[in-house]
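To start, the structure itself, in structure tokens.
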Amino acid sequence: MRLNELNYLELNTADETATRVGGGLDELNSILSATQKKINRFKTVCGSLGTLLKVRVSSRDNTPVHKPSADGPHEDSQFQEQTLTLEASHDDHLEASVLESKPVVHKKIDINEKMSSHLDKLDSMITKAERAEGSMQHQTKIMKKIISK
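Numbering (full-length UniProt numbering), first residue to last: 1 to 149.
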């Protein structure tokens, strides 16, 4: 039975670590979302200036005609902002005091259920990391286009 208690504590520690990592990925995605908004605002301002600078004379009375830019404001419509949720963190001290105050009761620990929960959290973290990677690649591509203009 002592082994089950150790497994339970190890699983709780892994659970807390997964929660912290998930929170960090949420924060990263939040930063990337804010950066994307700033890039979009910058593109809007620079796009307007670029349109003004890309003037060609093509009418008979030499009035300027604006050349339509290839990069429209709808180019980034594929990028969707993700709703981020914050995961609640556990209070280590509260859990320790509750464990000390109660008499030791041997409960049957369903390790399979706990492991399934951990696998779900890992899947969630992988999804968040992939979303962050995609956002960074998209933003890098946009910034390279802006710089090359």
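Quick reminder that beta carbons are idealized off the backbone N, C-alpha and C, glycines included.
- Apart from the 5 residues on each side of it in sequence, leucine 28 sits with its Cβ closer than 7 Å to the Cβ of Ala132 in its chain, given in chain order.
- For aspartate 123, the enclosing alpha helix (DSSP H) covers residues 111-148.
- Lysine 149 and valine 21 have their C-alpha atoms spaced approximately 38 Å apart.
- Of the other Cβ atoms in all chains shown, fewer than 16 fall within 10 Å of the Cβ of isoleucine 111; this residue is therefore exposed.
- By the beta-carbon neighbour count (other beta carbons within 10 angstroms, threshold 16), serine 135 is buried.
- Rounded to the nearest angstrom, the Cβ distance from isoleucine 146 to lysine 38 is 12 Å, too far for a contact under 8 Å.
- Aspartate 120 and cysteine 46 have their C-alpha atoms spaced approximately 43 Å apart.
- Taking C-alpha positions only, lysine 144 is separated from arginine 41 by approximately 16 Å.
- Between lysine 128 and aspartate 26, the C-beta spacing is below 9 Å.
- Cβ neighbours of glutamine 139 within its own chain (closer than 8 Å, five residues either side excluded): Leu32, Thr35, Gln36, Ile39.
- Taking C-alpha positions only, isoleucine 126 is separated from leucine 9 by approximately 24 Å.
- The C-alpha of arginine 2 lies about 30 Å from the C-alpha of aspartate 123.
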